[in-house]
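Before any comments, here is the structure.
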Amino acid sequence: MKPAGGVTVVDIDDDADLQAKYFLRIPVVAVGGREVFEARMIDREGMWKDKLRSMVVGRS
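In this text, residue positions in the sequence shown follow my numbering: the first is 6, and each later residue adds one.
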């Protein structure tokens, strides 16, 4: 699924390899094919939203 803004959401439910790679790391954000953010980087509730917004729009 490719929403506006060039963000791709990958459904891992039907792919065992993707599920093994990403299940415990969701959300994972890749920019230009490089993973730049994942769940382990979340250090408090809601922080991932701020970090993701910062990466996507360039603001904190």
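Glycine included, every Cβ here is placed at the ideal spot set by N, Cα and C.
So, with DSSP's three-state summary, where would you put VAL14?
Numbered from 1 along the sequence shown, position 9 holds the residue referred to as residue 14. Looking at VAL14 - three-state DSSP - the assignment turns out to be coil, as it is neither helix nor strand.
Compare the beta carbon distance of ILE31 and GLN24 with 8 Å and say whether it is the shorter of the two.
Here residue 31 refers to the residue found at position 26 when the sequence shown is read from its first residue. Here residue 24 refers to the residue found at position 19 when the sequence shown is read from its first residue. No.
Any non-hydrogen atom of the ligand PLP closer than 7 Å to GLY38 Cβ:
As presented, the structure is devoid of all ligands, the ligand PLP included, so that no description of it is given.
Would you kindly check if the distance between the Cβ of VAL34 and the Cβ of TYR27 is under 8 Å?
Translated into the one-based positions of the sequence shown, residue 27 becomes position 22. Translated into the one-based positions of the sequence shown, residue 34 becomes position 29. No, the pair does not count as a contact, with Cβ atoms beyond the cut-off.
Can you look up VAL33 in the DSSP assignment and give me helix, strand or coil?
Position 28 of the sequence shown, counted from the start, is the residue given in the question as residue 33. Here VAL33 sits in coil by DSSP.
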